[in-house]
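**Q** Sequential numbering of the sequence shown, starting at 2, is according to this note's numbering.
Glycine is no exception: its CB is placed at the ideal position from the N, C-alpha and C atoms.
Have a look at this one before I ask anything.
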Amino acid sequence: GSGSYGACEFEDGCAAVTTGGTTTGTTTTTDDTTDTGTTLVLNSFEDFFSASGIDVADLEVGDVVGFCIGKTTIFQVCDSTKDSYHTITLKSINLDASTVVITVASTPTDYTLTLDIPLKIDVDKDETDDIEVILTDLTATTADINFRSLETSTPTTTTDTKEDTPKVAKSSNLNWLWWSLGGVGFLGLLAIIIAIILKNRGGGDGGAGYGSGPMGSSSSGGKPSDTSQSNFGAPTTFAPESYIPTPAPTPTTNTSINPS
C-alpha cells in the first residue's frame, strides 16, 4: 500500500502514534493508552478493504491506529468525530511467547495476538465480525500487524434495458438487409435469363441476311455482297471465283439474201 499521514510516508508499513512504554526483559508494556498525536486511520488506505489487508510495520508499545466500522471504501469519511470510529493500541509485546496484546476501544477490550494466527474481532458487539488482525512479525520492541476490514457492501444488480433494445433493433435490421440482398440477386439473375432468351429468339426469327443460294441476293435485287450476316451476327465469306456471271444472249442476225 502507499499513502501518508502527518509527516510519515506509508510504504508497506508505517509507525503509528507512540505514547511511551517500558521494557522488562523480553516484554514491553505501555505506560499510557491515551492518543497524544495524529493517529493512523486504516480506512484511508485501499489495502485495508482488500483481501490481503494492510501491513503496518514497526508498531511500538503505545502506538495507536484508528478505523471506522460500517465503511466500505476510502471515500467514506472516517475520523474521531464519528460514532463508528474505534482505535487499536499496542499494549504489550512478549517476544518469548511470540505474542502481543492489543486494546480495542471505544469500550476498551484486550485481545492477545499470536504470531501468524488471524483474529477476527466484533468491535460493536453486534455478532458480526468487523476487522481481522494478524501479528506477522515482532521483535523485543516492535511488532508488524496486518489489519483487514471485514465490512462488505451489498452489490446492486441492475438491468440495463438500454443495451437490450439496440441489440433487438440491430438483429431486425440485419434480417431486412439479407432479405433485400437476396431479392436483388434473384431479380438480377432473372433479368439475365430473360435477356438470353430474347436474344436467341430474335436471331432465329430474322432468317438469313441473303437468299438461299450460294451467293444470296440482296433485298433490293442489287449486286450480291462478298459477305453475308448469319443469324447470330458471324460473317460468312464467299470466294470470288464462286461468282460466275451468266453471259447475255447473243442477238441473231439474218444474213441470208432472198433471190430476187
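1) Where does residue 212 sit, in a helix, a strand or coil, going by DSSP?
2) Can you grab the Cα-Cα spacing for the pair residue 47 / residue 136, in whole Å?
3) Count the other CB atoms within 10 Å of the CB of residue 76; is the residue buried (16 or more) or exposed (fewer)?
4) Going by the beta-carbon positions, is the gap between residue 124 and residue 105 smaller than 8 Å?
5) Determine the direct distance from the alpha carbon of residue 180 to that of residue 202, and round the result to whole angstroms.
6) Cβ of residue 40 within 8 Å of Cβ of residue 152?
7) Check the C-beta distance from residue 65 over to residue 57 and give it rounded, since I have them as a contact under 8 Å.
8) Going straight from the alpha carbon of residue 190 to that of residue 178, what length do you get?
9) Bridge partners for residue 128 per DSSP, in chain order?
10) Strictly by DSSP, which residues pair up with residue 103?
11) When you compare only the Cα positions, how much space is there between residue 119 and residue 133?
12) If we call anything under 8 Å between Cβ atoms a contact, is residue 91 one with residue 144?
13) With DSSP collapsed to three states, give me the class of residue 185.
14) Look up residue 68 in the DSSP assignment and give the residues it is bridged to.
15) Using three-state DSSP, classify residue 138 as helix, strand or coil.
16) How many angstroms separate the CA atom of residue 148 from the CA atom of residue 43?
17) Helix, strand or coil, according to DSSP, for residue 56 in the structure here?
**A** Taking the geometry as given:
1) Numbered from 1 along the sequence shown, position 211 holds the residue referred to as residue 212. Low per-residue confidence applies at residue 212: pLDDT is 44, beneath 50, and the placement is therefore not dependable, though the value from the model is reported in the following sentence. Note: residue 212 maps to coil in three-state DSSP.
2) As a first step, residue 47 must be located in the sequence shown, where it is residue number 46. As a first step, residue 136 must be located in the sequence shown, where it is residue number 135. About 20 Å.
3) As a first step, residue 76 must be located in the sequence shown, where it is residue number 75. Exposed, because fewer than 16 other Cβ atoms sit within 10 Å of the Cβ of residue 76.
4) The sequence position of residue 124 within the sequence shown is 123, counting from 1. The sequence position of residue 105 within the sequence shown is 104, counting from 1. Yes, they are a contact pair.
5) Position 201 of the sequence shown, counted from the start, is the residue given in the question as residue 202. Position 179 of the sequence shown, counted from the start, is the residue given in the question as residue 180. In a straight line, the C-alpha of residue 202 is about 33 Å away from that of residue 180.
6) In the sequence shown, the residue the question calls residue 40 occupies position 39. In the sequence shown, the residue the question calls residue 152 occupies position 151. Result no, Cβ atoms of residue 40 and residue 152 do not sit closer than 8 Å.
7) On the sequence shown, residue 65 is found 64 positions in, with the first residue counted as 1. On the sequence shown, residue 57 is found 56 positions in, with the first residue counted as 1. Taking the Cβ atoms as the reference, residue 65 lies roughly 11 Å from residue 57, outside the contact range of under 8 Å.
8) Here residue 190 is taken as the residue at index 189 of the sequence shown, counted from 1. Here residue 178 is taken as the residue at index 177 of the sequence shown, counted from 1. About 18 Å.
9) One-based indexing of the sequence shown puts residue 128 at position 127. Bridge partners of residue 128: none, in fact.
10) The residue given as residue 103 occupies position 102 in the sequence shown. Beta-bridge partners assigned by DSSP to residue 103: 91 and 112.
11) As a first step, residue 119 is located in the sequence shown; it is residue number 118 there, counting from the start. As a first step, residue 133 is located in the sequence shown; it is residue number 132 there, counting from the start. Rounded to whole angstroms, residue 119 to residue 133 spans 7 Å at the Cα level.
12) Here residue 91 corresponds to residue number 90 of the sequence shown, with the count starting at 1. Here residue 144 corresponds to residue number 143 of the sequence shown, with the count starting at 1. In contact: residue 91 and residue 144 (Cβ atoms closer than 8 Å).
13) Here the question's residue 185 lines up with position 184 in the sequence shown. Residue 185: helix per DSSP, three-state reduction.
14) Numbered from its first residue, the sequence shown carries residue 68 at position 67. Bridge partners of residue 68: 87.
15) As a working mapping, residue 138 is identified with position 137 in the sequence shown. In this structure, residue 138 counts as strand in the three-state DSSP scheme.
16) If you number the sequence shown from 1, residue 148 lands on position 147. If you number the sequence shown from 1, residue 43 lands on position 42. Approximately 8 Å, taken between the alpha carbons.
17) By 1-based counting over the sequence shown, the position of residue 56 is 55. Looking at residue 56 - three-state DSSP - the assignment turns out to be strand.
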